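J.:
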Amino acid sequence: MYENEYSLGPEALDQLRAYSIKDFSELVGVPQTTLRKWEEVLGEAFRVPRDAQNQRFYTKKHELWVAKINKWRDEKDLGLPLIKELLLEMQSLERDNPQFETNANELAIMGQQGGLHQNNQLADLSRNFDDKIKLVVSHMEDLLYKFNQENREFLKEELSRIRNENNDQIENIEKKLTTVTKAQEETMRSLLEENTAMIKNSLTKSENQKSDEERSIELRQALHNELALSRRVHQRLRMEAIEAWNKNPVKTGLFKKKEDLSAKTLFIEEFIANRIEEEYKKEIT
Numbered sequence: 156m157y158e159n160e161y162s163l164g165p166e167a168l169d170q171l172r173a174y175s176i177k178d179f180s181e182l183v184g185v186p187q188t189t190l191r192k193w194e195e196v197l198g199e200a201f202r203v204p205r206d207a208q209n210q211r212f213y214t215k216k217h218e219l220w221v222a223k224i225n226k227w228r229d230e231k232d233l234g235l236p237l238i239k240e241l242l243l244e245m246q247s248l249e250r251d252n253p254q255f256e257t258n259a260n261e262l263a264i265m266g267q268q269g270g271l272h273q274n275n276q277l278a279d280l281s282r283n284f285d286d287k288i289k290l291v292v293s294h295m296e297d298l299l300y301k302f303n304q305e306n307r308e309f310l311k312e313e314l315s316r317i318r319n320e321n322n323d324q325i326e327n328i329e330k331k332l333t334t335v336t337k338a339q340e341e342t343m344r345s346l347l348e349e350n351t352a353m354i355k356n357s358l359t360k361s362e363n364q365k366s367d368e369e370r371s372i373e374l375r376q377a378l379h380n381e382l383a384l385s386r387r388v389h390q391r392l393r394m395e396a397i398e399a400w401n402k403n404p405v406k407t408g409l410f411k412k413k414e415d416l417s418a419k420t421l422f423i424e425e426f427i428a429n430r431i432e433e434e435y436k437k438e439i440t
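So the number in the numbering used here is just where the residue sits in the sequence shown, counting from 1, plus 155.
#1: Thinking C-beta only, is Leu197 closer than 8 Å to Leu242?
#2: Take Ala383 as the anchor and find which of Leu190, Tyr435, Glu240 has the nearest alpha-carbon.
#3: Going by CA-CA distance only, name the one from His389, Leu421, Leu392, Gln390 that's closest to Pro404.
#4: Which residue's Cα is closest to the Cα of Gly184: Asn225, Asn209, Thr214?
#5: Any chance the region 203-214 sits against the region 231-245, with 3 or more Cβ pairs inside 8 Å?
#6: For Thr116, collect the residues of the same chain with a Cβ closer than 6 Å to its Cβ; drop the 5 residues on either side in sequence, then sort them by chain order.
#7: Is the beta carbon of Ile431 closer than 8 Å to that of Arg393?
#8: Would you identify the three-state DSSP class for Ala418, choosing helix, strand or coil?
#9: In angstroms with no decimal places, state the Cα-to-Cα distance between Arg391 and Ser385.
#10: Leaving out five residues before and five after His389 in sequence, what residues of the same chain have Cβ atoms less than 6 Å from its Cβ?
#11: Nearest-angstrom Cα distance between Trp193 and Phe201?
#12: Applying the 10 Å Cβ sphere with the 16-neighbour rule, what's the burial state of Ile238?
#13: Could you tell me whether the Cβ atoms of Arg172 and Thr214 are closer together than 8 Å?
#14: Could you pull the start and end residues of the alpha helix (DSSP H) that Thr188 belongs to?
#15: Which residues mark the beginning and the end of the alpha helix (DSSP H) in which Asp229 is found?
#16: So, is Arg228 buried or exposed, given that buried needs 16 or more other C-beta atoms within 10 angstroms?
#17: On the three-state DSSP scale, how would you describe Ala396?
#18: Given a threshold of 16 other Cβ atoms within 10 Å of its Cβ, counted over all protein chains shown, does Ile397 qualify as buried or as exposed?
#19: Output the distance between the C-alpha atoms of Glu395 and Ala418, rounded to the nearest integer angstrom.
In structure tokens form, the structure reads like this:
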């Protein structure tokens, strides 16, 4: 651990402490490999300075960022792309509003000064930021729920149709489809979080001072557009999968060969899962 020695109080000194990656990893309970990954993926939102020997060092500010990252991952189930945008927004608020400083030393100083008005401003800014996070998470979850629900309903109908002709294969096909469907849902969650430009725009200060209600309406519309895009890509891939299957369908039966519907359904869902990320990114670029 490195320490800068000045004639300052213990709280101020605490803010100046610099930790090696090993010490910081032990302090926050996050593996060194994870810290390096966050630095790479979060970029400017998780800047880690280096000393004269090119060794990383972490400060109290990084400890606060780690606490936020863990909270958003554990409580909100957010991915790193969206966390990056929220961290940047939080840091922007800190620069524009000194009262919003997440620095523990700043809070202590405000308390010592008895700044009731400043504390109220800080509380208002914090609540406003938390409300924005809740709004984004709520709409994102609503979007994913609608998309996943539609996909599951379709598969339910397909399985019901197959069950009448291939009862002995149902258990096996259901297990495989569950795995493939879960992979599709995880891919869609990741893709939607990566496409956060409209979310960032809704969080940052509007140049024409739009009301929270107007920004909320715009955000809902943007997310509904995302849902429409997801449906369109999904449907197009389904049609392409059916066309590919029809060129060389698998058939079953000893005497009277007929199309293997369970194999067809699995083929279609795997086809979609393997290509949905690439096709979705084509649509948004």
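The beta-carbon is built from N, C-alpha and C at its ideal position, and this holds for glycine as well.
The model shown is predicted, which means the values in this text are computed figures rather than measured ones.
T.: Taking the geometry as given:
#1: Against the sequence shown, residue 242 aligns to sequence position 87. Against the sequence shown, residue 197 aligns to sequence position 42. Between Leu242 and Leu197, the CB-CB gap stays under 8 Å.
#2: By one-based count along the sequence shown, residue 383 stands at place 228. Of the candidates Leu190, Tyr435, Glu240, the residue whose Cα lies closest to the Cα of Ala383 is Tyr435.
#3: Position 249 of the sequence shown, counting from 1, holds the residue named residue 404. Each of His389, Leu421, Leu392, Gln390 was checked against the Cα of Pro404, and the nearest Cα belongs to Leu421.
#4: Taking the first residue of the sequence shown as position 1, residue 184 is located at position 29. When each option's Cα is compared against that of Gly184, the closest is Asn225.
#5: Counting Cβ pairs under 8 Å, fewer than three are found: no touch.
#6: This structure leaves residue 116 out entirely; the chain is present only between 156 and 440.
#7: Counting from one through the sequence shown, the residue named residue 393 turns up at place 238. Counting from one through the sequence shown, the residue named residue 431 turns up at place 276. Cβ atoms of Arg393 and Ile431: not closer than 8 Å.
#8: On the sequence shown, residue 418 is found 263 positions in, with the first residue counted as 1. Three-state result, Ala418: helix.
#9: Position 236 of the sequence shown holds residue 391. Position 230 of the sequence shown holds residue 385. About 10 Å.
#10: Position 234 of the sequence shown, counted from the first residue, corresponds to residue 389. Hits under 6 Å: none found.
#11: On the sequence shown, position 38 is the one that residue 193 refers to. On the sequence shown, position 46 is the one that residue 201 refers to. Their backbone Cα atoms lie some 7 Å apart in a straight line.
#12: To locate residue 238, count along the sequence shown from 1; it is residue 83. Residue burial is scored here from C-beta neighbours: Ile238 has at least 16 other C-beta atoms within 10 angstroms and is therefore classed as buried.
#13: Here residue 172 refers to the residue found at position 17 of the sequence shown. Here residue 214 refers to the residue found at position 59 of the sequence shown. In contact: Arg172 and Thr214 (Cβ atoms closer than 8 Å).
#14: For the purposes of this step, residue 188 is identified with residue 33 of the sequence shown, where counting begins at 1. Annotation for Thr188: the continuous alpha helix (DSSP H) segment containing it runs 187-197.
#15: Indexing the sequence shown from 1 puts residue 229 at position 74. According to the DSSP assignment, Asp229 belongs to the alpha helix (DSSP H) that extends over 215-231.
#16: Position 73 of the sequence shown, counted from the start, is the residue given in the question as residue 228. Residue burial annotation: Arg228 is exposed, with fewer than 16 other C-beta atoms found within 10 angstroms of its C-beta.
#17: Taking the sequence shown and counting its residues from 1, the one referred to as residue 396 is at position 241. Three-state DSSP puts Ala396 in a helix.
#18: Counting from one through the sequence shown, the residue named residue 397 turns up at place 242. Exposed, by the Cβ-count rule.
#19: Position 240 of the sequence shown holds residue 395. Position 263 of the sequence shown holds residue 418. So the two alpha carbons sit approximately 16 Å from each other.
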